[in-house]
Ligand code: SAH
Ligand code: SF4
Ligand code: F3S
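And the structure:
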């Protein structure tokens, strides 16, 4: 086995190699990037935003729509070209959902790419980078591209569910399998602690914390179950411990992350069933309540949820525990039952509506955001019209609208992608315009009201102003002393500009 010697490691550390990580995709990817950055920094690497100045460039990628993939592919092409034409010592890596989606094919298609690490191998990235750098520093000649064609990339540490992806090749194109990379990250005891403790992603007073990853749902359009694999949850007791640590460090808001947080606790890291019977939160509503009661925590929110798992029990937790957010992201996707069925969403629009009404009844003032897809396979004008009417009627606070993008390897790959691009664009335009009007109406109703605002940062426009969020996640700018940062104060909302409220303190 070729592990770097201590002297060589010191060389790398001393040289302060620069690393640039570019992130595409969702909150989970943002989080993973921060973990990798922190782990690399610990090893003496210096972070940079500049690709030009970097010795190592890592793309953390997203596969959810073709557009997201194309952005990463374009970037990868450019980097590989640069490496070939004059920057032979550049290390180029790819992580994230495209790594799981395309695996070794990426190494075949991009001969300059040094490594590919899947979403469950975030903790292996540092080892990979160091090994590649170390080999180069020992003078192993750079790969000859055409000769490298026959190099068979090695897949390391494949998990039982087949989703674990770490592939690397040496700069010379040899594909020696390194024992240090064989750690089966996800099933390894302690994997999560290492991951969560590597410095979770933080923004001002808010800390993000993954509580589960993967998705067991069968939404036919969606690539996530393929890329992130089956659901696994982190143990409730450990999550609460992490939150206590974050609270001790002064964080006030915790955002719990997962592709499908509502089904938290279906299966645990390590698949040890005894976790289920331990005295610790093992369902999502319980977990939210427990986290919200950690002293020092002022707010708990989460991303994202599947409507079928959003329960009365969770709504009651939102109502009964004062530190729990009043914001719910509840993706409806379509307003038409035939399309919802084709999408495999497992609810009818009537059931969704009932849930929405229940939430609004139990949690007055709750803000609900949503996702919608236009132009899914076979969607007719009439079916789209139903989605449009749902948007008008349900009065979501905000909505993300997406044009359907067929993903290879999803169940919908077998259905025709038969709505013309121009029609998708028109439907997209219609919904965007309508939601803008709806959001305006919903938000206008808040003017003149009072709200609890958690101050989270300074305004970029004026140093007299602080930015905060209402309990339902709406942004507010208020003239307030910097000492209020991290505190919750009553604010009267006075006006609205775009999506941002302005207000004044009720008591000073
Ligand atoms: N797990 C989350 C988010 C998944 S991806 C959830 O279920 O809410 C975020 C959004 O991207 C989805 O809600 C969906 O609206 C959209 N999306 C997913 N796959 C898509 C595809 N193939 N084409 C267009 N939009 C898609
Ligand atoms: Fe994709 Fe559906 Fe899972 Fe969300 S719930 S990640 S849309 S399969
Ligand atoms: Fe994209 Fe993967 Fe997130 S596909 S949306 S980065 S889970």
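Residue numbers (the numbering used here): 94 to 601.
Heads up, the beta-carbon is just placed ideally off N, CA and C, and yes, glycines get one too.
Determine the burial state of residue i: buried for a count of at least 16 other Cβ atoms within 10 Å of its Cβ, exposed for fewer.
i	result
residue 493	exposed
residue 391	buried
residue 407	buried
residue 620	Outside the displayed range of the chain (94 to 601) lies residue 620, so it cannot be described from this structure.
residue 416	buried
residue 463	buried
residue 342	exposed
residue 170	exposed
residue 378	buried
residue 473	exposed
residue 563	buried
residue 592	exposed
residue 594	buried
residue 217	buried
residue 554	exposed
residue 254	Low confidence applies here, because residue 254 scores a pLDDT of 34, under 50, leaving its location unreliable; read the following figure in that light. Label assigned to residue 254: exposed.
residue 528	buried
residue 299	buried
residue 209	buried
residue 239	Only weak support is given to the placement of residue 239: the predicted model assigns it a pLDDT of 28, under 50, and the question is left unresolved by the model.
residue 375	buried
residue 383	buried
residue 162	buried
residue 565	buried
residue 413	exposed
residue 207	buried
Does the CB of residue i have a neighbour CB from chain C at under 7 Å?
i	result
residue 377	In the displayed structure, chain C is absent; only one protein chain is listed.
Between which two residues does the beta strand (DSSP E) holding residue i run?
i	result
residue 348	346-350
residue 427	Unbroken run through residue 427: none, as it is neither H nor E.
residue 189	184-189
residue 330	Run containing residue 330: none in the beta strand (DSSP E); it sits in the alpha helix (DSSP H), 329-341.
residue 209	208-210
residue 562	558-563
residue 303	299-303
Per DSSP, residue i forms a beta bridge with which residues?
i	result
residue 593	590
residue 399	Residue 399 pairs with nothing; no bridge assigned.
residue 420	460
residue 582	546
residue 116	153
residue 465	426, 494
residue 199	Paired residue(s): none; residue 199 is not in a bridge.
residue 111	139
residue 551	559
residue 306	325
residue 361	326
residue 394	348
residue 598	584
Tell me where the alpha helix (DSSP H) around residue i begins and ends.
i	result
residue 572	Premise fails: residue 572 lies in the beta strand (DSSP E), 568-572, not in any alpha helix (DSSP H).
residue 493	Residue 493 -> not in any alpha helix (DSSP H); beta strand (DSSP E) instead, spanning 491-496.
residue 442	442-455
residue 165	159-177
residue 528	514-537
residue 405	405-413
residue 225	218-230
residue 383	377-385
residue 483	474-487
residue 320	317-321
Please look up how many angstroms separate the CB atoms of residue i and residue j, rounded, as I've assumed it's under 8 Å.
i	j	result
residue 222	residue 125	Actually they are not in contact, since the Cβ atoms of residue 222 and residue 125 sit about 15 Å apart, beyond 8 Å.
residue 448	residue 403	6 Å
residue 305	residue 336	Rounded, the Cβ-Cβ distance is 15 Å, inconsistent with contact.
residue 460	residue 420	5 Å
residue 597	residue 571	6 Å
residue 118	residue 155	3 Å
residue 120	residue 350	5 Å
residue 348	residue 308	Going by Cβ atoms, the distance from residue 348 to residue 308 rounds to 18 Å, so no, they are not a contact pair.
residue 418	residue 393	6 Å
residue 205	residue 176	4 Å
residue 466	residue 487	Incorrect: roughly 16 Å between the Cβ atoms, too far for contact.
residue 602	residue 142	Residue 602 cannot be examined here, being either before or after the span of the chain that is shown, 94 to 601.
residue 315	residue 503	6 Å
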